[in-house]
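Below is one structure; the comments refer to it alone.
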Amino acid sequence: MAKYLFEGGFINKSGNVIVKLLLIHFEDENNIHFIYSPHLDLTGYGTNLDEAKKSFEIVFEDFIDYTLKKKTLGKVLTDLGWEIKGTIKRPKKVLAPSITSVIKENDYVSEIFDKYPVNTYHQEVGIPAYA
């Protein structure tokens with residue numbers, strides 16, 4: 085299996101929380117590469133693995149930036165099944181839902197695993213405290 089690196093992170097004055105994301109890499113029938121985060125329901129894509137990783141980094145940062153500006157990051161994460169220990173403003177620990185619960189709740193994730201050969205890996209990323 086190829087070595088995957090996702091150097092995601094987002095630093096703001098409020099600090100950040102480190103989380104470990106499960107990322108899925110697969111290639112579709114049109115030879116398009118995808119990096120998908122079932123825990124955040126975010127996808128990056130490209131004509132090769134490097135393009136897909138760069139695309140995912142942009143999508144991840146846009147997601148964080150948008151939800152911070154709208155002050156909805158905590159709500160979006162809890163809507164996606166995340167558990168926040170502490171308070172929304174001062175989280176002590178942020179836990180992603182189990183992959184089995186994500187697969188049960190999201191038909192798209194089940195379809196990916198059923199339809200394509202996938203490579204999975206975990207990557208630590210920084211999610212900002214919700215100022």
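In terms of this note's numbering, the sequence shown opens at residue 85 and continues consecutively. The C-beta atom is built at its ideal place from N, Cα and C for all residues, glycine as well.
Checklist entry - If F140 and L126 are in contact, beta carbons under 8 angstroms, what's the gap, nearest whole angstrom? => result 7 angstroms
Checklist entry - V202: buried (16+ other C-beta within 10 angstroms of its C-beta) or exposed? => result exposed
Item to check | beta strand (DSSP E) runs wholly inside the region 152-202, at least 3 long, in chain order | outcome: Within the region 152-202, the complete beta strand (DSSP E) runs of at least 3 residues are 167-170 and 175-179.
Checklist entry - According to DSSP, what are the bridge partners of E141? => result E141 has no beta-bridge partner at all, per DSSP.
Checklist entry - So which of E111, F197 and F144 has the shortest CA-CA distance to Q207? => result If you compare the alpha carbons of E111, F197 and F144 with that of Q207, the shortest gap goes to F144.
Next on the checklist: By the DSSP assignment, the beta strand (DSSP E) with I119 in it spans what residues?
Outcome noted: H117 to S121
Next on the checklist: By the three-class DSSP mapping on this structure, what secondary structure does E208 have?
Outcome noted: strand
Checklist entry - T127 bridges to which residues according to DSSP? => result Y120
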